[in-house]
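Protein sequence lines, in the order shown, are assigned to chains X and E.
Quick note on this note's numbering: the first sequence kicks off at 1 and runs consecutively.
Quick note on this note's numbering: the second sequence kicks off at 366 and runs consecutively.
2 protein chains.
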Amino acid sequence: MNFYFFRCSKCLGIRQNEKSKKLQKDIFQFNDFMDRHYLVGTQLTVAAHCTINATIRFMDKIKIFAPATVANVSCAFDILGFALESVGDEMIFSKLDEKVITISVPLGSNLPSNPEKNVAGVVAKAMLDTAKADFGLHIHIDKRIMPGSGIGSSAASSAGTAYAVNKLLGNVFSDTELIKFAMLGEALASGIPHADNVAPAIMGGFALVRSYHPLELIKIPVPDELYCTVIHPQIEVKTENSRKILKKNILLKDAVTQWGNIAGLIAGLYSKDYDLIGRSLDDKIVEPVRSILIPLFFELKQAFLSAGALGGGISGSGPSVFALSKGKHTAENVADVMDSVYAKTGIDYDIHLSKINEQGVKIII
Amino acid sequence: MNFYFFRCSKCLGIRQNEKSKKLQKDIFQFNDFMDRHYLVGTQLTVAAHCTINATIRFMDKIKIFAPATVANVSCAFDILGFALESVGDEMIFSKLDEKVITISVPLGSNLPSNPEKNVAGVVAKAMLDTAKADFGLHIHIDKRIMPGSGIGSSAASSAGTAYAVNKLLGNVFSDTELIKFAMLGEALASGIPHADNVAPAIMGGFALVRSYHPLELIKIPVPDELYCTVIHPQIEVKTENSRKILKKNILLKDAVTQWGNIAGLIAGLYSKDYDLIGRSLDDKIVEPVRSILIPLFFELKQAFLSAGALGGGISGSGPSVFALSKGKHTAENVADVMDSVYAKTGIDYDIHLSKINEQGVKIII
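What follows is the structure, encoded as structure tokens:
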């Protein structure tokens with residue numbers, strides 16, 4: 001289903017139309033109207049009010065929030081991720097008449113402004129080429145998630161770009177197609193086009209990558225009282241490197257233990273059984289290997305479990321470490337004990353506390 | 366919570382008490398009453414009607430139906446199983462004053478009547494010993510599931526025994542404890558004390574073995590329209606042998622594919638998404654190895670998928686092959702095509718069609 005946005009010349013409201021049919025270039029037949037006034041930077045006109053055969057132009061500019069994400073989720077390596085509410089990048093996308101892509105970043109940022117080397121540029125180019133767009137783009141990235149943090153820094157920019165460019169194109173792509181475009185950014189950043197960060201960033205909530213070939217994403221329900229606390233030690237761990245240290249072969253008996261936990265985690269999320277979620281957050285395969293890259297990992301884990309967290313583990317490929325809790329109060333206690341463990345290290349760190357973000361990328365003003 | 370059964374001397378109804386407190390041997394304090402008249406062979410008396418301090422004796426004899434089960438369920442090797450409704454063993458358990466266990470089987474059956482070599486005898490002995498019972502047992506087994514069939518033959522006898530002996534003891538054990546006792550039978554039969562047949566046989570429905578250490582079972586919801594068709598080629602495949610041919614090591618990338626499917630299967634069962642269940646029934650690890658033991662496995666699979674089955678695979682360790690379908694009509698079509706594939710082989714076979722059995726072992730008259 002495509003969505004088209006326009007400003008009505010009679011009532012001046014910005015409107016979104018769900019049921020529309022393209023008759024010819026830029027001429028759409030509108031069947032009904034919905035009031036959803038959250039659009040920003042829209043420059044749309046409509047020839048007639050509440051009638052058919054309206055001429056529109058799509059919006060020229062959009063500003064979005066792209067959330068940080070926690071991938072792998074302990075036992076669910078490479079297949080599950082969830083989005084955070086309180087941490088993410090802000091990005092502004094502006095149409096250009098010339099068919100080029102330019103990127104700007106705040107002064108002092110180490111991000112590449114060459115669009116071929118920036119994940120946002122790579123994702124945007126693929127989308128504009130596929131859609132045979134007749135415009136170019138300027139992308140401004142206010143990067144608030146540090147690269148290599150393990151909470152989906154490249155995924156936020158990739159997913160945010162996929163979402164925003166799709167809006168500028170008039171919603172021509174499905175969520176699954178957006179995730180595939182965003183995976184091009186992940187491939188540039190880490191060498192591996194994985195989906196477990198970009199999928200929750202776009203879809204919101206917990207996103208399960210049921211299959212890569214073909215790509216199939218399933219949105220898993222989020223229990224209401226689930227909170228996440230993440231500590232981000234400011235040392236860089238590249239996804240590429242932390243993947244290299246994994247063993248290519250594992251014991252079948254360890255795999256069986258792991259899939260019991262994965263099944264338990266999914267069952268816990270559906271049935272809102274917080275304790276089952278906690279018991280299932282147990283990773284016998286990746287955590288024992290990757291945890292060596294994270295200073296005081298086991299002290300952190302012991303501390304957050306003692307503070308009442310349901311469970312947790314390495315966020316993405318690290319170095320961030322996440323814990324899930326039932327209720328904000330426990331999540332705050334978890335933040336306190338994480339702080340206590342890291343205060344003595346001399347390593348800079350941030351701690352984030354967030355509900356699970358059920359919406360994913362969103363348009364902001 | 367223990368349950369105590371008695372026949373009221375005033376109203377003559379057989380009653381079951383849920384909230385009771387043992388005061389001394391055979392003296393219980395009853396707090397409330399429930400009408401559940403399904404008990405058979407009960408010889409209980411109660412001194413007073415609807416009052417406290419009633420003297421009771423537990424039932425002396427019980428007859429049960431113990432269902433066949435499909436374990437492994439394609440991608441969910443060793444962690445998931447479900448029970449069938451239309452196939453199973455019937456067993457009669459009678460208390461003996463002497464503290465011995467005796468077993469009888471129908472003439473012509475190859476089952477051992479030595480209680481140390483029969484799974485029912487091993488399970489019953491462990492339970493009577495643990496409960497320090499002051500009685501013995503005679504067990505009659507009407508074996509209707511052929512040993513080595515792959516639909517939980519040993520599990521049915523083990524689970525049926527655990528359930529029935531618990532009733533004769535006055536429900537002193539929890540479901541998880543019953544499953545642990547029944548696993549002793551599985552250890553005798555196959556060398557491996559696995560739970561993915563005995564758990565659904567006792568709990569009914571789909572039973573997930575979230576963890577073996579400690580043992581934790583989760584009951585997964587059953588979509589209403591889910592039917593199972595099973596073909597049992599009458600060749601014997603011993604669980605012990607079919608386990609030996611499995612590789613001890615697997616590729617991490619194959620494991621990741623598998624846990625995507627496991628998560629998808631659990632999500633599909635919770636969300637009643639039949640197509641998702643079907644797409645998730647894909648096993649890249651065990652099926653490719655074990656299928657060589659089953660004549661015409663791939664022809665069967667192709668046939669049942671063409672007939673509209675959601676998916677399927679090897680039942681347990683084979684040789685039975687199961688398919689899940691949405692609706693009885695499709696399950697019947699699947700039975701027809703399974704029949705067509707096997708009719709030409711010269712191998713004897715049975716085909717069973719069943720809803721998923723949500724109750725598990727049950728008392729029958």
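Each residue gets a CB set at the ideal place from its N, CA and C atoms; glycine is no exception.
None of these values were measured; they are calculated from a predicted model.
Taking the C-alpha atoms as reference points, what is the distance between residue i and residue j?
i                : j                : result
Arg644 (chain E) : Ile179 (chain X) : 20 Å
Gly515 (chain E) : Ile596 (chain E) : 10 Å
Ile585 (chain E) : Lys99 (chain X)  : 53 Å
Ala491 (chain E) : Val702 (chain E) : 44 Å
Asp163 (chain X) : Phe297 (chain X) : For the record, residue 163 (chain X) in the displayed sequence is Tyr; it is not Asp. Taking the straight line joining both Cα atoms gives about 35 Å.
Tyr577 (chain E) : Ala552 (chain E) : 14 Å
Thr102 (chain X) : Ile363 (chain X) : 21 Å
Leu96 (chain X)  : Lys132 (chain X) : 14 Å
Pro67 (chain X)  : Ile145 (chain X) : 9 Å
Val628 (chain E) : Lys637 (chain E) : Looking at the sequence provided, one finds Ala at residue 628 (chain E) rather than Val. Rounded to whole angstroms, Ala628 (chain E) to Lys637 (chain E) spans 14 Å at the Cα level.
Val530 (chain E) : Lys301 (chain X) : 43 Å
Asp619 (chain E) : Gly676 (chain E) : 19 Å
Phe77 (chain X)  : Glu542 (chain E) : 32 Å
Ile712 (chain E) : Asp540 (chain E) : 39 Å
Lys613 (chain E) : Glu605 (chain E) : 15 Å
Asp499 (chain E) : Phe430 (chain E) : 26 Å
Leu617 (chain E) : Ser190 (chain X) : 18 Å
Asn479 (chain E) : Ile457 (chain E) : 17 Å
Val70 (chain X)  : Tyr342 (chain X) : 20 Å
Ile250 (chain X) : Asp60 (chain X)  : 51 Å
Ile365 (chain X) : Phe181 (chain X) : 25 Å
Asp561 (chain E) : Leu573 (chain E) : 7 Å
Just to confirm the assignment, what range does the beta strand (DSSP E) spanning residue i have?
i                : result
Val735 (chain E) : Only positions 366 to 730 of chain E appear in this structure, which leaves residue 735 (chain E) out of reach.
Phe394 (chain X) : In the structure as shown, chain X starts at 1 and stops at 365, and residue 394 (chain X) therefore has no counterpart that could be examined.
Asp326 (chain E) : Lying before the first or after the last residue shown, residue 326 (chain E) is absent from chain E, which here runs from 366 to 730.
Ala195 (chain X) : Segment: none, Ala195 (chain X) is in no beta strand (DSSP E) and carries neither H nor E.
Ile504 (chain E) : 501 to 507
Ser514 (chain E) : No beta strand (DSSP E) holds Ser514 (chain E); DSSP gives it neither H nor E.
Leu111 (chain X) : From DSSP, Leu111 (chain X) is part of no beta strand (DSSP E); its letter is neither H nor E.
Ile103 (chain X) : 101 to 104
Asp454 (chain E) : 445 to 461
Glu216 (chain X) : 215 to 220
Ile427 (chain E) : 426 to 436
Cys228 (chain X) : 226 to 233
Asp715 (chain E) : 714 to 720
Of all the options the options, which has the alpha carbon lying nearest to the alpha carbon of residue i?
i                : options                                : result
Leu658 (chain E) : E:Ala491, E:Met703, E:Ala520, E:Ser685 : E:Ser685
Val563 (chain E) : E:Ala524, E:Leu533, E:Val537           : E:Ala524
Asn118 (chain X) : X:Asp134, X:Thr130, X:Ser153           : X:Ser153
Ser74 (chain X)  : X:Trp259, X:Glu225, X:Asp350           : X:Trp259
Gly316 (chain X) : X:Phe65, X:Gly204, X:Ile79, X:Ile64    : X:Ile79
Asp715 (chain E) : E:Phe538, E:Pro598, E:Ser451           : E:Pro598
Thr161 (chain X) : X:Ser94, X:Pro214, X:Leu208            : X:Ser94
Considering just the uninterrupted stretch of the alpha helix (DSSP H) at residue i, what are its terminal residues?
i                : result
Lys490 (chain E) : 484 to 495
Gly278 (chain X) : 274 to 280
Sorted by chain position, which residues of the same chain lie with C-beta nearer than 6 Å to residue i's C-beta, five sequence neighbours on each side aside?
i                : result
Ala331 (chain X) : Tyr227, Thr229, Ser325, Leu353
Ser469 (chain E) : His505
Lys167 (chain X) : Ile62
Asn261 (chain X) : Cys75, Ser280, Asp282
Ala674 (chain E) : Ala688, Ser690, Val699
Met1 (chain X)   : Unreliable placement is indicated for Met1 (chain X), whose pLDDT of 31 sits below 50; the coordinate value is still reported in the next sentence. Nothing listed; no residue qualifies.
Leu549 (chain E) : Val487, Val488, Ala491
Phe82 (chain X)  : Val70, Pro200, Phe206, Ile356
Please list, in chain order, all residues of the same chain as residue i whose beta carbon is under 7 Å from its beta carbon, the five residues on each side excluded.
i                : result
Ser683 (chain E) : It is Gly, not Ser, that sits at residue 683 (chain E) in the sequence shown. Gly515, Val602, Ser607, Arg655, Leu658, Ile659.
Pro588 (chain E) : Leu634, Lys637, Tyr639
Met391 (chain X) : The structure shown does not extend to residue 391 (chain X), since chain X is modelled only from 1 through 365, so no value can be given for it.
Ser622 (chain E) : With the sequence shown as reference, residue 622 (chain E) is identified as Thr, and Ser is not the correct amino acid for it. The residues are Lys649.
Leu641 (chain E) : Gly629, Ala632, Gly633
Thr130 (chain X) : none
Excluding the 5 residues flanking residue i on each side, which residues of the same chain have their C-beta closer than 8 Å to its C-beta?
i                : result
Tyr270 (chain X) : Ile220, Pro221
Lys143 (chain X) : Asp89, Val105, Pro106, Ser109, Leu111, Ser153, Ser157
Ser705 (chain E) : Ala668
Suppose only complete runs of 3+ residues qualify. What are the beta strand (DSSP E) ranges in the region 607 to 633 of chain E, listed by chain order? The qualifying runs are 614 to 616.
Note down, one range per segment and in chain order, each alpha helix (DSSP H) of at least 4 residues found wholly within the region 284 to 323 of chain X. Counting only runs of 4 or more, we get 287 to 290, 297 to 306.
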